[in-house]
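Reviewing the structure listed below.
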Amino acid sequence: MTMEALLTPNNNNVPTSPVQTTYTSTQRYCSAPNVDIGESKTNLIINYLPQGMTQEEVRSLFTSIGEIESCKLVRDKVTGQSLGYGFVNYVREEDALRAVSSFNGLRLQNKTIKVSYARPSNDQIKGSNLYVSGIPKSMTLHELESIFRPFGQIITSRILSDNVTGLSKGVGFVRFDKKDEADVAIKTLNGSIPSGCSEQITVKFANNPASNNPKGLLSDLEAVQQAATTLVPLSTILGAPTLRATAGGIGPMHHAPITSKYRYSPMGAITAVSQPTATLPADYLTTSALLQMSQLNALAGLNPFATATAVPDFTASLIAHQQQQHAVAQQHAAQTASPPATNGQVAGLAAHAQLSALSASVAATLPPSDTAGYCLFVYNLSSDTDDTLLWQLFSQFGAIVNVKILRDLTQQCKGYAFVSMSNYTEAYNAMLSLNGTNLAGKTLQVVFKSSTPYRA
DNA sequence: CGACGGGACGC
DNA sequence: CGACGGGACGC
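Following our numbering, the residues of the first sequence are numbered contiguously, the last one being 1332.
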């Protein structure tokens, strides 16, 4: 994964005008954000959320843009598992617009979320997804859509492709805006032969993913196995129970809030790899353990400093971010940004050494009370830093519990902030990946918050 | 590249 | 150059 790619929301999709869906020759999916919603300019639908992300985490992320009226993560009625999408209704239209601009295309853990206007609630929406088979292997998504477009507004479409070869499997999905549009499409197209083709296509309503997924019970195990290949559990080093298993999100408990007033309790631990036991003192996370873990992670190919030759630079992303903010900032005033777009690059090894030095005598810091999570101290921020930027930077590595930017009397950032993340490993990875990077011409410093004052 | 329709505003 | 919050705990 290139670092340049880390912070690249789809800024091209700023919905100031209807989005033209673009296609490449090999594209097999289509999921353009809604733009031309006539009403409901405050209500957003969020798709492709990471599996473990909770409603409160979604709320926290989107509240960084502005006041929200409601937030609903849609979950399986029986298991409570997130279905990976939800709704965020803002108080103000301009905040909803900024949320689309800022967060559509944002990479969260292993997902790229989609943020678009929710269609007005309508009983015709449900069950309008079609399963199409018999698609000629050479047919493009664009061609498939052109067959279905006469029957209504297509919300999403996709042609499945072979994981290995990347070639079309000849089956796909077309989701219409309304069920009766899907109905007519079935009646007209099922058993038909598209022009220029030789075989019939089959068109029917798609199954509910939850009801036909035999791998459902395996997904947790697969996730654990996948995690085991990319991250070294702390227990390997410490002989201690594993913390929550890694990025990516797994079971419904994965991001369960830590309710203990005291130390971390591994209530969300993955049963396959850990035993819930006593609490884990913060001083368990010694410097040597951190360094060993760093080395082991480097062996696993996880540590970006192990392979990267240059420190990533978020200047371009920052400018894009600021442009977004400026584009809609008229009512929000007080934006006196002057982005110093210097392109300073620092050697990765130097940054790593710096990290080691800063981590000395520093243990993972658990906030004292109600704000559960592992708290990172983020320094060398420019005076115009805002919450959303930090959300975008850090949420790539996992769930953020809280972002706190310290400001002076004129609301200028005092140069530092605290970012609390619910998962230790994710916070650690954020530190490894972001410390020493360039943000707005400054070398960002990210370390676990010290439990004692800096000059103690 | 992945799962786009909840809940409500009374029954 | 410089370098770690705030609310609320309740004696």
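Every residue gets a Cβ at the ideal spot worked out from N, C-alpha and C, and that includes glycine.
Do you know offhand how far residue i's Cα is from residue j's?
{"i": "PHE1324", "j": "SER1296", "result": "9 Å"}
{"i": "LEU1257", "j": "GLY1312", "result": "12 Å"}
{"i": "ALA1061", "j": "GLY1048", "result": "14 Å"}
{"i": "GLY962", "j": "LEU1065", "result": "32 Å"}
{"i": "LEU1043", "j": "PRO1085", "result": "23 Å"}
{"i": "THR1032", "j": "ALA1303", "result": "34 Å"}
{"i": "THR1334", "j": "VAL1040", "result": "Any question about residue 1334 goes unanswered here, given that the chain covers just 877 to 1332."}
{"i": "SER1309", "j": "GLN1321", "result": "11 Å"}
{"i": "SER1271", "j": "ASN1305", "result": "11 Å"}
{"i": "ARG1051", "j": "ILE1011", "result": "16 Å"}
{"i": "ALA1248", "j": "VAL1279", "result": "12 Å"}
{"i": "SER977", "j": "SER992", "result": "9 Å"}
{"i": "GLY1067", "j": "SER1074", "result": "12 Å"}
{"i": "GLY981", "j": "ARG968", "result": "22 Å"}
{"i": "VAL1008", "j": "THR1264", "result": "40 Å"}
{"i": "LEU925", "j": "ARG1283", "result": "31 Å"}
{"i": "LEU973", "j": "LYS917", "result": "8 Å"}
{"i": "GLN927", "j": "GLY1274", "result": "11 Å"}
{"i": "GLN1029", "j": "ASN923", "result": "18 Å"}
{"i": "GLN1268", "j": "ASP1038", "result": "32 Å"}
{"i": "TYR1255", "j": "THR1286", "result": "19 Å"}
{"i": "ASN998", "j": "ASP1056", "result": "12 Å"}
Indicate the three-state DSSP secondary structure (helix, strand or coil) for residue i in the structure shown.
{"i": "VAL1323", "result": "strand"}
{"i": "TYR924", "result": "coil"}
{"i": "LEU1257", "result": "coil"}
{"i": "MET929", "result": "coil"}
{"i": "ARG995", "result": "coil"}
{"i": "MET1307", "result": "helix"}
{"i": "GLU1075", "result": "coil"}
{"i": "GLU945", "result": "strand"}
{"i": "THR988", "result": "strand"}
{"i": "LEU1266", "result": "helix"}
{"i": "ARG904", "result": "coil"}
{"i": "VAL1040", "result": "coil"}
{"i": "LEU1020", "result": "helix"}
{"i": "LEU982", "result": "coil"}
{"i": "HIS1208", "result": "Low confidence applies to HIS1208: its pLDDT is 39, below 50, so where it sits in the model is not reliable, and the reading given next is rough at best. Coil."}
Here's the rule I'm using: 16 or more other beta-carbon atoms within 10 Å means buried, otherwise exposed. How should residue i be labelled?
{"i": "THR930", "result": "buried"}
{"i": "ASP971", "result": "buried"}
{"i": "VAL1277", "result": "buried"}
{"i": "THR1301", "result": "buried"}
{"i": "GLU933", "result": "buried"}
{"i": "TYR905", "result": "exposed"}
{"i": "ARG995", "result": "buried"}
{"i": "ILE1023", "result": "buried"}
{"i": "ASN919", "result": "buried"}
{"i": "LYS990", "result": "buried"}
{"i": "ILE1069", "result": "exposed"}
{"i": "SER1338", "result": "The structure shown has nothing for residue 1338, since the chain only spans 877 to 1332."}
{"i": "ASN1314", "result": "buried"}
{"i": "LEU984", "result": "buried"}
{"i": "ASN1299", "result": "buried"}
{"i": "GLY1339", "result": "Absent from the structure is residue 1339, since the part of the chain shown begins at 877 and ends at 1332."}
{"i": "LYS1054", "result": "buried"}
{"i": "ALA1316", "result": "buried"}
Terminal residues of the continuous beta strand (DSSP E) containing residue i?
{"i": "THR1032", "result": "1030 to 1037"}
{"i": "ARG1025", "result": "First-last for ARG1025: undefined, no H or E at that position."}
{"i": "ALA1293", "result": "1289 to 1297"}
{"i": "SER1009", "result": "1005 to 1009"}
{"i": "SER958", "result": "958 to 966"}
{"i": "LYS1013", "result": "No beta strand (DSSP E) contains LYS1013, which DSSP labels as neither H nor E."}
{"i": "GLN1282", "result": "With the sequence shown as reference, residue 1282 is identified as Leu, and Gln is not the correct amino acid for it. Segment 1276 to 1283, the beta strand (DSSP E) holding LEU1282."}
How is the alpha helix (DSSP H) around residue i delimited, first residue to last?
{"i": "ASN1064", "result": "The amino acid occupying residue 1064 in the given sequence is Thr; Asn does not appear at that position. Note, THR1064: alpha helix (DSSP H), 1055 to 1065."}
{"i": "VAL954", "result": "Counting along the chain, VAL954 falls outside any alpha helix (DSSP H), and DSSP gives it neither H nor E."}
{"i": "LEU973", "result": "969 to 979"}
Please determine if the stretch 1286 to 1293 and the stretch 1255 to 1270 are in contact, where contact requires at least 3 C-beta pairs separated by less than 8 Å. yes
Three or more C-beta pairs below 8 Å linking the stretch 999 to 1011 and the stretch 946 to 962: no
Report yes or no: do the stretch 942 to 951 and the stretch 1006 to 1022 share at least 3 C-beta pairs separated by less than 8 Å? Not touching, per the Cβ criterion.
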